[in-house]
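Protein chains in written order, with the working numbering: chain A, 3 to 312; chain B, 3 to 286.
Down below is the structure, laid out as structure tokens.
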Amino acid sequence: MTELTASGAAAAGPKALPRLKKPRSHLGLAALFLAPALLGLVIFRLAPIGVAGLGALYRENLEGDQVFVGLANFASLFEDMGFWHSLRTTILFNLIINPFQIAISFAMALLVLRPGRGITFFRAAFFLPMTLSIGLTAVLWSMLLDQTLGPINALLEQLGFARQGFFRSEDQALGTMIAVASWKGCGYWMVFLLAGLFGIDDQLYEAARIDGANSWQRFWHITLPQMRRPLTFVLIADTAVNFLFFAPVYIITSGGPNDATSLMMFRAYEAAFTFMNWGRSLAYSSVILLIVIGVAIVQLKLLRHGEDES
Amino acid sequence: MSTVDGTMGRRLGLTGARYLALSALACLLLLPLVWLVMSSFRPAGEIFANSHQFGWRTFVPGRLTFENYLSLADSGFPRALLNSLFVAGTTMLLGVLVNSAAGFAFAVFEFPGRKLLLVLVLASAMMPFEAIVIPLYQIIRWFGWVDSYRALILPEVANGLVIFLFRQFFVGVPKEFYEAARVDGASWLHIFLKIALPLSWPVVVTGALMQFITQWEAFFWPLVAAPSPDHTLVQIAITRNISFEETSWGRLFSSTTIACLVALIPFLAFQKLYLRNIASSGLK
Numbered sequence: 003m004t005e006l007t008a009s010g011a012a013a014a015g016p017k018a019l020p021r022l023k024k025p026r027s028h029l030g031l032a033a034l035f036l037a038p039a040l041l042g043l044v045i046f047r048l049a050p051i052g053v054a055g056l057g058a059l060y061r062e063n064l065e066g067d068q069v070f071v072g073l074a075n076f077a078s079l080f081e082d083m084g085f086w087h088s089l090r091t092t093i094l095f096n097l098i099i100n101p102f103q104i105a106i107s108f109a110m111a112l113l114v115l116r117p118g119r120g121i122t123f124f125r126a127a128f129f130l131p132m133t134l135s136i137g138l139t140a141v142l143w144s145m146l147l148d149q150t151l152g153p154i155n156a157l158l159e160q161l162g163f164a165r166q167g168f169f170r171s172e173d174q175a176l177g178t179m180i181a182v183a184s185w186k187g188c189g190y191w192m193v194f195l196l197a198g199l200f201g202i203d204d205q206l207y208e209a210a211r212i213d214g215a216n217s218w219q220r221f222w223h224i225t226l227p228q229m230r231r232p233l234t235f236v237l238i239a240d241t242a243v244n245f246l247f248f249a250p251v252y253i254i255t256s257g258g259p260n261d262a263t264s265l266m267m268f269r270a271y272e273a274a275f276t277f278m279n280w281g282r283s284l285a286y287s288s289v290i291l292l293i294v295i296g297v298a299i300v301q302l303k304l305l306r307h308g309e310d311e312s
Numbered sequence: 003m004s005t006v007d008g009t010m011g012r013r014l015g016l017t018g019a020r021y022l023a024l025s026a027l028a029c030l031l032l033l034p035l036v037w038l039v040m041s042s043f044r045p046a047g048e049i050f051a052n053s054h055q056f057g058w059r060t061f062v063p064g065r066l067t068f069e070n071y072l073s074l075a076d077s078g079f080p081r082a083l084l085n086s087l088f089v090a091g092t093t094m095l096l097g098v099l100v101n102s103a104a105g106f107a108f109a110v111f112e113f114p115g116r117k118l119l120l121v122l123v124l125a126s127a128m129m130p131f132e133a134i135v136i137p138l139y140q141i142i143r144w145f146g147w148v149d150s151y152r153a154l155i156l157p158e159v160a161n162g163l164v165i166f167l168f169r170q171f172f173v174g175v176p177k178e179f180y181e182a183a184r185v186d187g188a189s190w191l192h193i194f195l196k197i198a199l200p201l202s203w204p205v206v207v208t209g210a211l212m213q214f215i216t217q218w219e220a221f222f223w224p225l226v227a228a229p230s231p232d233h234t235l236v237q238i239a240i241t242r243n244i245s246f247e248e249t250s251w252g253r254l255f256s257s258t259t260i261a262c263l264v265a266l267i268p269f270l271a272f273q274k275l276y277l278r279n280i281a282s283s284g285l286k
């Protein structure tokens, strides 16, 4: 991610240093400055990964003692239809929401890219929902889409349609989740794509125009290839966020109706805090962590790959 | 940016289609927020009265009232608001100190393993916090910190992304800047606190804002780490009140509006700086 700038700075460093009294290694000083931050990251970010992996190998017996059970928690998880259903639901959710959000964010970025009358207003309008937390977004939309009191259903009725269940309907709940999360998320991802679009060298477009490329060809052959890095970043970051999608499920549907929104993060929470089954919950957490770490590795690979080419 | 004019911009065109799409999206994104804020001034009896008709009355209350705000006074909401302000504010202050010091060390000091550590810091920044909430709860429980401000604040102080932003800034400062002060006999701590940190104010503002907003909006972690009413944060307090009876909607409107505004005001004040920095974090 930072290789280019990092190595550039490292190259400049040693050249500049000999001019002052060549400092010995700053090891002690560095340790002093770094200790609080590194301690925090190790205890609160790194250690939990180990705890998830190790804790998943233990189970609490009737006396409340932790007993080593090997992979038994994973085995019982994998035998459980509910687990496979929630894995399927989580993957389906991601297969839809990530391309959907990226397409919409990209379209939004292209719409506000060029200056024009009132564009500042539209940019601000597109940013605004991202300042709402995901929890409050869930609260707001559960009221908007409420079957009896919600204004969206009043509008539908006025237009001659039947009132819809949305979050209360087995068929609509997951789709509604996707729509509501995108209402908040698209403006955020747009920021990254907009920055990428601003970074494209105008001369590329000029050259293409001289060669007679039409606007579609310019988009396909210049904009898209130039946007590879920002698009890759957004795709992977968005996927990581959505594999961990939690708050709206907890607040509105609790995984229902009839397991329609049974996303993994909620099931992991429920295993620990509703059913007090920590072994199962940490096994769930480990599976989720493996997926997220896998996604992060893919991210690094793809970005590295992009750098080799440029 | 303006030279983009006439190239791909012309394709999208100053056409009506562009503005039609812009307006439709703006309505979709803004009207729910307008409805929320306006409804918070609606008298209790009116909420149900308007639920069968969609029109301008959906957005404009017949009579403006502050009763939804006043009725929050005797609920748990004021306490939650103060809790959130305290937790987010403390995290922000500690975070700026801790993360800028680390960023400074990565940029200025020579020490073995610097590159490897930086990669680890970046890796931590890429891992979403929610992924480790449940095992982190186990750790906090061993520490005996469940239901305390410590549990809410300390895990969010060190932040890989903010460290990285500080490092990028300090790497860009010419070394001569620090060397001059060294020759004058200033200690590194003095150089960091009196010279480097003030110089890096744009990153200080961005980092502080990021950490404040992250904490203000946090949901999953405070939900599990601080279950008692004494330590309930604002997001949790609001969602605990959610129900599908109209009687509670008035308070939901007003409390949600307040919680939104607290995050919105600093965001609007530093919008440009903030957006530029989060955007660059994705592109570097």
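Note that the Cβ used here is the ideal one computed from N, Cα and C, for glycine as well.
Asked, Found
"Neighbour-count burial assignment, E158/B, 16 or more Cβ in a 10 Å radius", "buried"
"R184/B - partner residues in DSSP beta bridges", "Per DSSP, none; premise fails for R184/B."
"In chain order, each alpha helix (DSSP H) run of at least 4 residues that lies wholly inside the stretch 56 to 107 of chain A", "74 to 80"
"Closest by C-alpha distance to F247/A, when choosing among S102/B, F221/B, L254/B", "F221/B"
"DSSP-derived helix/strand/coil call for N161/B", "coil"
"Pick from Y276/B, L263/B, C29/B that is closest to F127/A, judged by C-alpha positions", "Looking at the sequence itself, residue 127/A is Ala, so the reference to Phe does not match. Nearest C-alpha to A127/A: C29/B."
"Where the alpha helix (DSSP H) through G42/A begins and ends", "29 to 43"
"Cβ-based neighbour list, D261/A, same chain, cut-off 7 angstroms, excluding 5 preceding and 5 following", "H87"
"T122/A burial status per 10 Å Cβ neighbour count (16 or more: buried)", "exposed"
"Outcome for N75/A when other beta-carbon atoms lying within 10 angstroms are tallied against a minimum of 16", "buried"
"Reference M192/A, options Q103/A, L41/A, S288/A, closest by Cα", "Q103/A"
"Cβ shell of V206/B (< 8 angstroms), same chain only, five flanking positions each side left out", "V98, S102, L199"
"Cβ contact check for the stretch 126 to 140 of chain B and the stretch 267 to 284 of chain A: 3 or more pairs under 8 angstroms", "yes"
"Cβ of V300/A within 9 angstroms of any chain B Cβ", "no"
"Touching by the beta-carbon criterion (3+ pairs, under 8 angstroms), the stretch 118 to 130 of chain B and the stretch 165 to 184 of chain B", "yes"
"Classification of L40/A by the beta-carbon crowding that lies within 10 angstroms, buried from 16 upward", "buried"
"Cβ neighbour criterion (16 or more within 10 Å) applied to L225/B", "buried"
"is_contact[M3/A, chain B] using C-beta, thresh 9 angstroms", "Reliability fails at M3/A, whose pLDDT of 38 lies under 50, so the model's placement of it is uncertain and no value is given."
"Cα-Cα separation between F50/B and S256/A, rounded to whole angstroms", "26 angstroms"
"Given L31/A as reference, the closest of F179/B, R116/B, F145/B once Cα atoms are compared", "R116/B"
"Residue span of the alpha helix (DSSP H) that contains D203/A, given as start and end", "Where D203/A is concerned, there is no enclosing alpha helix (DSSP H), given that its DSSP letter is neither H nor E."
"Residue-level contact to chain A via CB, M1/B, 9 angstroms cutoff", "Nothing can be reported for residue 1/B: it is not among the residues displayed for chain B, which extend from 3 to 286."
"Straight-line Cα distance separating K196/B from W190/B", "10 angstroms"
"Under the three-state DSSP convention, the category D240/A falls into", "helix"
"C-beta neighbour in chain A for H54/B, strict 9 angstroms", "yes"
"Residue-chain proximity (P227/A, chain B), Cβ-Cβ < 9 angstroms", "no"
"Simplified DSSP assignment, three categories, for E219/B", "helix"
"Contact with chain A by P114/B, beta-carbon distance below 9 angstroms", "yes"
"D232/B in three-state terms, based on DSSP", "helix"
"Between the CA atoms of F113/B and K24/A - distance to the nearest angstrom", "For K24/A, the pLDDT reaches just 48, beneath the cut-off of 50, and the residue's location in the model is therefore unreliable, leaving the point undetermined."
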